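Residue numbers (my numbering): 7 to 144.
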C-alpha cells in the first residue's frame, strides 16, 4: 500500500515535488535527522544551510543530546533564565532563521564562519573548526 502511495505521488507530482517516503513520515514529525533538518533549513531560506546544519549537528551531538530531547533546541539558544524550549524542533530552526535575519549582514563579514567568530556565537574557541569538520562529513 505504501509503495502504491509513493508511486501515485511520483506520477502526480513528477519531478517538481519532494518524494515522501516512509521514513519521512515517521521521523520528520517526531525527531530531527540530518535529512529533515537540511530540508527545513532550505524551506525557510536559512542562509548558509550547510554550515547551519553542521552547527545543529555539533550543538546536539547528532540530535541525541538531552537538550534536544527535552527542549527541541537544536542550536543551544538561551536567555538569562536558561535554554529556550520549543514545542517542536522545527520551531528551533525557525528561531534560528529569525535570529540570522536580525544579526547577519553579509556585506559586513567575509564569510559566515567569520560572522560566527566575530559575534562570539559559541564559548568554545575551537567552535568554528569543529563546525567545519561536521560540514566536511556531508
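Yeah, the Cβ is synthetic: ideal placement off N, Cα and C, and Gly gets one too. All values derive from a computational prediction rather than experimental measurement.
Among the candidates 36, 90, 55, 137, whose CA atom is the shortest distance from the CA of residue 106?
As a position in the chain shown, residue 106 is number 100, starting the count at 1. When each option's Cα is compared against that of residue 106, the closest is 55.
Residue range of the unbroken alpha helix (DSSP H) whose run includes residue 121:
Locating residue 121 in the chain shown gives position 115, counting from the first residue. Counting along the chain, the alpha helix (DSSP H) containing residue 121 begins and ends at 118-125.
Classify residue 82 as buried or exposed, calling it buried when 16 or more other Cβ atoms lie within 10 Å of its own Cβ.
If you number the chain shown from 1, residue 82 lands on position 76. The residue in question, residue 82, is buried, as its Cβ has 16 or more Cβ neighbours within 10 Å.
Closest to residue 130 by C-alpha separation, out of 42, 118, 64, would be which residue?
Along the chain shown, one-based indexing puts residue 130 at 124. Of 42, 118, 64, the residue nearest in Cα terms is 64.
Helix, strand or coil for residue 30 per DSSP?
Position 24 of the chain shown, counted from the start, is the residue given in the question as residue 30. Any answer about residue 30 is weak, because its pLDDT of 43 lies below 50 and its placement is not dependable; what the coordinates show is given next. Here residue 30 sits in helix by DSSP.
Among 135, 40, 47, 66, which one has its Cα closest to the Cα of residue 100?
For this step, residue 100 is matched to residue 94 along the chain shown. Taking only the C-alpha atoms, the option nearest residue 100 is 47.
Residue 128: first and last residue of the uninterrupted alpha helix (DSSP H) it sits in:
As a position in the chain shown, residue 128 is number 122, starting the count at 1. No alpha helix (DSSP H) holds residue 128; DSSP gives it neither H nor E.
Express the C-alpha separation of residue 133 and residue 126 in angstroms, rounding to a whole number.
On the chain shown, residue 126 is found 120 positions in, with the first residue counted as 1. On the chain shown, residue 133 is found 127 positions in, with the first residue counted as 1. Near 10 angstroms, if we compare the C-alpha coordinates of residue 133 and residue 126.
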